[in-house]
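Have a look at the structure below before the remarks.
There are 2 protein chains.
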Amino acid sequence: MIFEQFFEPDTSTFTYLLACEKSRQAVLIDPVECDVEKYIAALQQRGLTLVYTLETHVHADHVTAADTLRKRLGSKSVVHRDAGALCGDLLVTDGIHLQVGAVDIEVRYTPGHTNGCVSYFTGNRIFTGDALLIDGCGRTDFQQGNAGQLYDSIHHRIFSLPDDTLVYPGHDYNGHTVSTVGQEKRGNKRLGGGKSRAEFIEIMANLKLAYPKHIDVALPANQACGNLAVKQSA
Amino acid sequence: MIFEQFFEPDTSTFTYLLACEKSRQAVLIDPVECDVEKYIAALQQRGLTLVYTLETHVHADHVTAADTLRKRLGSKSVVHRDAGALCGDLLVTDGIHLQVGAVDIEVRYTPGHTNGCVSYFTGNRIFTGDALLIDGCGRTDFQQGNAGQLYDSIHHRIFSLPDDTLVYPGHDYNGHTVSTVGQEKRGNKRLGGGKSRAEFIEIMANLKLAYPKHIDVALPANQACGNLAVKQSA
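Here it is, written out as structure tokens:
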């Protein structure tokens, strides 16, 4: 499988390119609107056709490139059925498998940061969006966030994977790029070392986070798959 | 590809089994609740795993087996995003390809009988649901039906296929089992011989059809993927 990690520094967002070496079909996980040219160049350079953009959730901190990429390259936008983005071309739920040439991608429903969050699992890699971050996790104080639900999602759908499974998050603010299930189970400051559900809920309730600076623009735009007209009128 | 056609005589409904010979993965197109045991026996006999039930639309004349099959066999329910059946596990739109082992199934959006109708195209076969029937077509007087839209769907997404493409409809009331695109383009009494859009709309406006006898039970049940609790309370 072809694999590349992109980083957008303004919002500290990771985007991932996965592709089948044989069929040359590709997907982008969580592409960011401002980096469209970078993705298109990477696809062209490798001789790949973009078939899907996969959203881990409806983001509050950046605008997705899904709509721009579907207009320019004909890719289809994939998002969870309950994420509130009926603009998606393919709405998925837990346990759906997406086949991209020889690459099989399993959808794992991991709500809690938002009620429409999924992780994408393929081979020995899981792309966790804002559910599980490296030594952290997504906040749970907006978009139907729920700390107890996030704890259950991470435990049942991510920590249940083998310890050596690679964890690729949606963001990192501290220079990390990858972790493993084992490392997060042991050391994650909010979840690691067997912290209980009650302890986690208590931690999440006391984060005292600022109002997200991009949410009022990003949310309506992303509910329209990143449609720029919606973004501009927001 | 493994292929079998089932017929449910009470509502004259066709159900189709398609499966990959190698992976032994199967789909059922438009399975009917009352024939669940028949499908399960056929799957077992052939050693197949049911991965998807594919709805061509939300039916008004029979209850889908989608929910029963997903509970009993773990299959996923597939339906068009705009069909009003958010119970579906995978909501699709025009141009999406479903991969079932080596079998590729293309979703073709063919609204007009209802606003959520699709046809499924694989190899040289198209499964047209109630959009195009043999020597007929679906009615357009309920569920956001629209004769002009149905004419466009059939012309752009079905009649645009090669003439020898096999047409497998959702129903037949006259003993037919299969047709071809060429046969329907030439001879279909409502559409054939190059009938204009205006002629077709005129024909559809004057059918004087009775109120569908099962619609008040079938519609709410099918909007819940055939969930029996919903059916019983309807």
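Just so you know, the sequences run in chain order P and G. Each residue of the first sequence is one higher than the one before, starting from 1 at the first, in the UniProt record's numbering. Each residue of the second sequence is one higher than the one before, starting from 1 at the first, in the UniProt record's numbering. For each residue, glycine too, the CB sits at the ideal point set by N, CA and C.
* If we call anything under 8 Å between Cβ atoms a contact, is H62/G one with A218/G? -> On the second sequence, position 62 is the one that residue 62/G refers to. On the second sequence, position 218 is the one that residue 218/G refers to. It is a contact, given that the beta carbons lie within the stated cut-off.
* Asked: Does D89/P have its Cβ less than 8 Å from a Cβ in chain G?
  -> Translated into positions along the first sequence, residue 89/P becomes position 89. For D89/P, the answer is yes, since a Cβ of chain G falls inside 8 Å of its Cβ.
* **Buried or exposed (CB count within 10 angstroms, at least 16 for buried), G175/P** => Translated into positions along the first sequence, residue 175/P becomes position 175. Exposed, by the Cβ-count rule.
* Using a Cβ cut-off of 9 Å, which residues of the segment 64-80 of chain P contact any Cβ in chain G, in chain order? -> G74, K76
* Just tell me which of K185/P, I126/P, T68/P, H80/P has its CA closest to the CA of K38/P. => Taking the first residue of the first sequence as 1, we reach residue 38/P at position 38. The shortest Cα separation from K38/P among K185/P, I126/P, T68/P, H80/P belongs to T68/P.
* Reduced DSSP category for E21/P - H, G, I as helix; E, B as strand; rest coil -> If you number the first sequence from 1, residue 21/P lands on position 21. Coil.
* To do: Note down, in chain order, each residue of its chain lying with its Cβ closer than 7 Å to the Cβ of Q232/P, except the 5 sequence neighbours on either side.
  => On the first sequence, residue 232/P is found 232 positions in, with the first residue counted as 1. The predicted model places Q232/P with a pLDDT of 48, which falls under 50 and marks its position as unreliable, so this point remains unresolved.
* Extent of the continuous alpha helix (DSSP H) run through Q223/P -> In the first sequence, the residue the question calls residue 223/P occupies position 223. 215-223 is the extent of the alpha helix (DSSP H) around Q223/P.
* Among R108/G, L90/G, K185/G, which residue has its Cα nearest to the Cα of L133/G? -> Position 133 of the second sequence, counted from the start, is the residue given in the question as residue 133/G. Across the set R108/G, L90/G, K185/G, the C-alpha of K185/G shows the shortest separation from the C-alpha of L133/G.
* To do: Give me the Cβ distance between V118/P and V100/P, rounded to the nearest whole Å; I'm assuming they're in contact under 8 Å.
  => Residue mapping note: residue 118/P aligns to position 118 of the first sequence, counting from 1. Residue mapping note: residue 100/P aligns to position 100 of the first sequence, counting from 1. Rounded, the Cβ-Cβ distance is 16 Å, inconsistent with contact.
* Asked: Cα separation between residue 235/P and S12/P?
  -> Chain P is shown only over 1 to 234; residue 235/P falls outside these bounds and no answer can be derived.
* To do: Take L17/G as the anchor and find which of H97/G, Y168/G, A229/G has the nearest alpha-carbon.
  => In the second sequence, residue 17/G corresponds to position 17, counting from 1. With distances taken between Cα atoms, L17/G lies closest to Y168/G.
* To do: Tell me whether D35/G is buried or exposed, calling it buried when 16 or more other Cβ atoms sit within 10 Å of its Cβ.
  => For the purposes of this step, residue 35/G is taken as residue 35 along the second sequence, with counting starting at 1. Answer is buried; the Cβ neighbour count reaches 16.
* To do: Return the chain-ordered list of same chain residues with a C-beta closer than 7 Å to the C-beta of A94/G, the five sequence neighbours on each side being excluded.
  => The residue you call residue 94/G lines up with position 94 of the second sequence. Residue identity check: residue 94/G is Asp in the sequence provided, not Ala. Here the set comprises V107, R108, Y109.
* **chain G within 8 Å of G226/P, Cβ atoms only** => Within the first sequence, residue 226/P is the residue found at index 226, counting from 1. No, G226/P lies away from the interface with chain G (no Cβ there is under 8 Å from its Cβ).
* **Sub-8 Å separation of V92/G and V103/G beta-carbons** => Translated into positions along the second sequence, residue 92/G becomes position 92. Translated into positions along the second sequence, residue 103/G becomes position 103. Cβ atoms of V92/G and V103/G: not closer than 8 Å.
* **Residue span of the beta strand (DSSP E) that contains V51/P, given as start and end** => As a working note, residue 51/P is residue 51 in the first sequence. First-last of the beta strand (DSSP E) with V51/P: 49-54.
* Where I96/G meets chain C, residues with beta-carbon distance less than 7 Å -> As a matter of chain content, chain C is missing from the structure shown, whose protein chains are P and G.
* To do: Please go through the same chain and pick out, in chain order, the residues whose beta-carbon is closer than 8 Å to the beta-carbon of T56/G, but skip the five residues on each side of it.
  => Against the second sequence, residue 56/G aligns to sequence position 56. Cβ within range, chain order: I29, D30, C117, V118, S119, Y120, F127, T128, G129, D130, A131, G170.
* Asked: From the beta carbon of V103/P, is the nearest beta carbon of chain G less than 8 Å away?
  -> As a working mapping, residue 103/P is identified with position 103 in the first sequence. Using a CB distance cut-off of 8 Å, V103/P does not count as an interface residue toward chain G.
* From the beta carbon of T53/P, is the nearest beta carbon of chain G less than 8 Å away? -> As a working note, residue 53/P is residue 53 in the first sequence. Output row for T53/P: interface = no.
* To do: Can you tell me which of Q149/G, A60/G, D164/G, Q223/G puts its alpha carbon nearest to the alpha carbon of P212/G?
  => Taking the first residue of the second sequence as position 1, residue 212/G is located at position 212. With distances taken between Cα atoms, P212/G lies closest to A60/G.
* If we cut at 8 Å on Cβ distances, does L50/G have a partner in chain P? -> Start at 1 with the first residue of the second sequence, and residue 50/G comes out as number 50. Cβ-Cβ to chain P under 8 Å: no for L50/G.
* Which two residues bound the contiguous beta strand (DSSP E) that contains E8/P? -> Counting from 1 along the first sequence, the entry for residue 8/P is found at position 8. That run of the beta strand (DSSP E) goes 2-8.
* **Distance, G194/P Cα to A234/G Cα** => Mapped onto the second sequence, residue 234/G falls at position 234. Mapped onto the first sequence, residue 194/P falls at position 194. Annotation note: pLDDT 41 at A234/G (below 50); position unreliable, coordinate value reported separately. Cα to Cα, A234/G sits roughly 47 Å from G194/P.
* Asked: Is F127/G helix, strand or coil when you go by DSSP?
  -> Here residue 127/G refers to the residue found at position 127 when the second sequence is read from its first residue. Strand, per DSSP.
* To do: Go ahead and pull the three-state DSSP assignment for K208/G.
  => Within the second sequence, the letter at position 208 stands for residue 208/G. Correct three-state label for K208/G: coil.
* Select from R125/P, Y151/P, A83/P the residue whose C-alpha is nearest the C-alpha of G112/P. => Residue mapping note: residue 112/P aligns to position 112 of the first sequence, counting from 1. Here the closest residue by C-alpha is Y151/P.
* To do: Please classify S75/P: is it buried, with 16 or more other beta-carbons within 10 angstroms of its beta-carbon, or exposed?
  => If you number the first sequence from 1, residue 75/P lands on position 75. Counting other Cβ atoms within 10 Å of its Cβ, S75/P reaches 16 or more and is therefore classed as buried.
* To do: Take R139/P and list the residues in its own chain whose beta-carbon comes closer than 6 Å to its own, dropping the five residues that flank it on each side.
  => For the purposes of this step, residue 139/P is identified with residue 139 of the first sequence, where counting begins at 1. L209, listed in sequence order.
* Asked: Just how far apart, CA to CA, sit G148/G and F200/G?
  -> Numbered from its first residue, the second sequence carries residue 148/G at position 148. Numbered from its first residue, the second sequence carries residue 200/G at position 200. C-alpha separation (whole angstroms): 8 Å.
* Asked: DSSP beta-bridge partners for K76/P?
  -> For the purposes of this step, residue 76/P is identified with residue 76 of the first sequence, where counting begins at 1. Answer is Y52/P.
* To do: Count the other C-beta atoms from every protein chain shown that fall within 10 angstroms of the C-beta of H80/G, then say buried if there are 16 or more, exposed otherwise.
  => Here residue 80/G corresponds to residue number 80 of the second sequence, with the count starting at 1. Buried is the call here.
* To do: Go ahead and pull the three-state DSSP assignment for S196/G.
  => Residue 196/G sits at position 196 when you count from the first residue of the second sequence. Reduced to three states, the DSSP call for S196/G is coil.
* Please list, in chain order, all residues of the same chain as G123/G whose beta carbon is under 7 Å from its beta carbon, the five residues on each side excluded. => Counting from 1 along the second sequence, the entry for residue 123/G is found at position 123. Taken in chain order, the residues that qualify are M1.
* Asked: In terms of residues, what are the limits of the alpha helix (DSSP H) holding K36/G?
  -> Counting from 1 along the second sequence, the entry for residue 36/G is found at position 36. Reading the sequence as shown, one finds Val at residue 36/G and not Lys. Residues 36-46.
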